[in-house]
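Enquirer: Structure below; questions to follow.
Residue numbers (the working numbering), protein chains in the order written: chain A, 829 to 995; chain B, 447 to 856.
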């Protein structure tokens, strides 16, 4: 096995273990910590694919800002250990079915797009900051601006809600 | 053995570099505490540490020993895993961030290898982003320490620290965008080289002049990120006992301490790189006589250390200080004679370290001068002043760059 492959399997295992632990942990802070592990492991995987910029942004935005906010809210509310409710009998079989369907869908997508994803990684279209900015601000400028608009609306909504509560 | 060394030369060099840098950083950390206590003491008309060794120079050693031998109780009711993880996280991330800093442009030729000063590879194209990523994770050390201690004051410290982090992270990131636009790169080496475009301008070619707004925002936000005065609300002694590290003792407390001082060094290095030309000399390139400046500083300093040492009656003062003084004077003399172009090589690290030292002094100076912010002032300052000003700086810089491109005044 080559070194990158070993690193890949270590990071992938970390991500999967983190994700499972996120669900199984009883305390919200431990779940949040597991999610941080997943985020950082994903960033490592991006780095392995040569997407330096995406890896750094993944850690800054998701690993840093958003998860700090999660941890902050959990600490502020002083959320305790979750109580275990008896599992719903109905949720089991459909959930299992959904997992199988989702896995099959993802696997099929990867199998189909394998070649094009690889060429994107090799040409460096996604790895350099320039490539990303050209894509975002030239090819996909309208979807990008629409997303920004959506976020702006969400922020305004939050402000309005907070103001209403005050008065 | 020999073949193993030659085949894995890069790996061996990197490991040696890491060990060396770790040693240097930890030693500098220890003496930074001495420096801080001494400077703050003189600001407040006191002597500071002066009992352990001449000028209290052995005080850091005594403190270090004390940290090792103190009892280390674990309070009841802590979340054990997170309680032990937090100091480890804080220290590891703080030390990792130093690895990205480049300390000099030219490699040392040793055993047929070019060894660059700094651990990160030369073409680390996300240099500054990687640093921000590491600082972004660094807050977890403080926040989790506060939470896991299961005690009210640390919890407040952790809460304050994460809120402060979220608020100032934005301004910190926006404030360097102007520099990045001017350099056209995230690579720290490229950013320094971009400031050397006009070598005859000397210090007037540095980024701090066109980016004065950016520098102001960056420095303030960086101080807030490192939890130092006047932004040290997470560990405000008068309100929160010790803040997030109240329940930590012995070496776990020392780990937080080392992490804080290491991030001070990192921020000073970053300020130097982004705004003050990194390793570039402040004098025009044609003034080659300024290359003797290190000797001019080192020789009188060495002589003073010798003179000072012989006054003491202790062994340390009588023997060690004059020996150190002689060594410093000898280095200064060697740099004047300069047999193998060492003086040429030493210029870049000399200027880099001098600038870093100035910033460290500013840190301590502020600690000795400024009172702490109130919490609402802290939030208002971050969101209502720093963030808008840094965004304004980005807009202004982009307009100027665009105008220059349009009318070609390069």
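The beta carbon of each residue, even a glycine, is placed where N, CA and C say it ideally should be.
Since this is a predicted model, take the numbers as computed values, not measurements.
Residue 754 (chain B) to residue 849 (chain B), Cα distance in whole Å?
Expert: 58 angstroms
Enquirer: With a threshold of 9 angstroms between beta carbons, is residue 880 (chain A) in contact with chain B?
Expert: yes
Enquirer: Within 8 angstroms: the Cβ of residue 882 (chain A) and any heavy atom of the ligand ATP?
Expert: Annotation note on the ligand ATP: not contained in the displayed structure, which lists no ligands.
Enquirer: I need the boundaries of the alpha helix (DSSP H) containing residue 754 (chain B), first residue and last residue.
Expert: 739 to 756
Enquirer: Please confirm if residue 579 (chain B) has its CB atom under 9 angstroms from at least one CB of chain A.
Expert: yes
Enquirer: Got a sec: is the Cβ-Cβ distance from residue 851 (chain B) to anything in chain A below 9 angstroms?
Expert: no
Enquirer: Run through the DSSP bridge pairs and tell me what residue 559 (chain B) is partnered with.
Expert: B:556
Enquirer: So, is residue 655 (chain B) buried or exposed, given that buried needs 16 or more other C-beta atoms within 10 angstroms?
Expert: Under this definition residue 655 (chain B) is an exposed residue.
Enquirer: Comparing alpha-carbon positions, which option in B:635, B:695, B:673, B:621 lies nearest residue 661 (chain B)?
Expert: A check of alpha carbon separations from residue 661 (chain B) across B:635, B:695, B:673, B:621 identifies B:621 as the nearest.
Enquirer: Under 7 angstroms between beta-carbons, which chain A residues line up against residue 611 (chain B)? List them in chain order, please.
Expert: 896
Enquirer: Determine, using beta carbons only, whether residue 593 (chain B) comes closer than 9 angstroms to chain A.
Expert: Yes, residue 593 (chain B) lies at the interface with chain A (some Cβ there is under 9 angstroms from its Cβ).
Enquirer: Can you have a look at residue 643 (chain B) and say buried or exposed, based on whether 16 or more other CB atoms are within 10 angstroms of its CB?
Expert: exposed
Enquirer: Look up residue 856 (chain B) in the DSSP assignment and say whether it is helix, strand or coil.
Expert: Because the pLDDT at residue 856 (chain B) is just 49, under 50, the model does not fix this residue reliably, and the value given afterwards should be weighed accordingly. Per DSSP, reduced to three states, the secondary structure at residue 856 (chain B) is coil, with no helix or strand assignment.
Enquirer: Tell me whether the segment 610 to 625 of chain B and the segment 699 to 707 of chain B touch, counting them as touching only if at least three CB pairs, one residue from each stretch, are closer than 8 angstroms.
Expert: no
Enquirer: For residue 487 (chain B), I'd like the list of residues in its chain whose CB is within less than 7 angstroms of its CB, leaving aside the five on either flank, ordered along the chain.
Expert: 493, 494
Enquirer: What residue does the alpha helix (DSSP H) around residue 574 (chain B) start on, and which one ends it?
Expert: 573 to 594
Enquirer: Within its chain, find whatever has a CB closer than 8 angstroms to the CB of residue 721 (chain B); leave out the 5 residues flanking it on each side and keep chain order.
Expert: 625, 652, 653, 654, 657, 660, 661, 664
Enquirer: Below 9 angstroms between beta carbons: does that hold for residue 869 (chain A) and residue 852 (chain A)?
Expert: When the beta-carbon positions are compared, residue 869 (chain A) and residue 852 (chain A) stay at least 9 angstroms from each other.
Enquirer: Determine whether the beta carbon atoms of residue 900 (chain A) and residue 608 (chain B) lie at a separation below 9 angstroms.
Expert: Cβ distance < 9 angstroms, so residue 900 (chain A) and residue 608 (chain B) count as in contact.
Enquirer: Within 10 angstroms of the Cβ of residue 939 (chain A), are there 16 or more other Cβ atoms? Answer buried if so, exposed if not.
Expert: By the neighbour-count rule (16 or more Cβ atoms within 10 Å), residue 939 (chain A) is not buried but exposed.
Enquirer: Check the Cβ-Cβ distances between residue 904 (chain A) and every residue of chain B, and say whether any is below 9 angstroms.
Expert: Under the Cβ criterion of 9 angstroms, residue 904 (chain A) is counted among the residues facing chain B.
Enquirer: For residue 819 (chain B), does the three-state DSSP call read helix, strand or coil?
Expert: In this structure, residue 819 (chain B) counts as coil in the three-state DSSP scheme.
Enquirer: I'd like the list of long-range same chain contacts for residue 840 (chain B), defined as Cβ closer than 7 angstroms, with 5 residues on each side in sequence excluded.
Expert: 620, 623, 624
Enquirer: Give me the Cα-Cα distance between residue 856 (chain B) and residue 648 (chain B), rounded to the nearest whole angstrom.
Expert: Bear in mind that the predicted position of residue 856 (chain B) carries a pLDDT of just 49, short of 50, making it unreliable; the figure below should be weighed with that in mind. Computed Cα separation, rounded: 18 angstroms.
Enquirer: Identify whether residue 846 (chain B) lies in helix, strand or coil by the three-state DSSP scheme.
Expert: helix
Enquirer: Can you find a CB in chain A that lies within less than 9 angstroms of the CB of residue 632 (chain B)?
Expert: Yes - at least one Cβ of chain A is within 9 angstroms of the one on residue 632 (chain B).
Enquirer: Within the 9 angstroms Cβ cut-off, does residue 454 (chain B) reach chain A?
Expert: Closer than 9 angstroms: no.
Enquirer: Does the contact criterion of 3 or more C-beta pairs under 8 angstroms hold for the segment 689 to 699 of chain B versus the segment 512 to 521 of chain B?
Expert: yes
Enquirer: Leaving aside the five residues before and after residue 853 (chain B) along the sequence, list all residues of the same chain whose C-beta is less than 7 angstroms from its C-beta, in chain order.
Expert: none
Enquirer: Give a yes or no on whether 9 angstroms exceeds the smallest Cβ distance from residue 933 (chain A) to chain B.
Expert: no
Enquirer: Can you name, in chain order, every residue of its own chain whose Cβ lies under 8 angstroms from the Cβ of residue 876 (chain A), other than the five neighbours on each side?
Expert: For residue 876 (chain A), where only same-chain residues beyond five positions count, the Cβ hits under 8 angstroms are 832, 835, 836, 839.
Enquirer: Does the Cβ-Cβ distance between residue 544 (chain B) and residue 711 (chain B) come in under 9 angstroms?
Expert: yes
Enquirer: Go to residue 888 (chain A), then tell me how far its alpha helix (DSSP H) extends in each direction, as first and last residue.
Expert: Run containing residue 888 (chain A): none; DSSP gives neither H nor E here.
Enquirer: Grab me the residues of residue 424 (chain B)'s own chain with a C-beta within less than 7 angstroms of its C-beta, minus the 5 sequence neighbours each way, in chain order.
Expert: Chain B is shown only over 447 to 856; residue 424 (chain B) falls outside these bounds and no answer can be derived.
Enquirer: Compare the C-alpha of residue 612 (chain B) against each of B:843, B:846, B:833 and name the closest.
Expert: In terms of CA proximity to residue 612 (chain B), B:833 leads the group B:843, B:846, B:833.
Enquirer: If you draw a straight line from the alpha carbon of residue 499 (chain B) to that of residue 465 (chain B), how long is it in whole angstroms?
Expert: 28 angstroms
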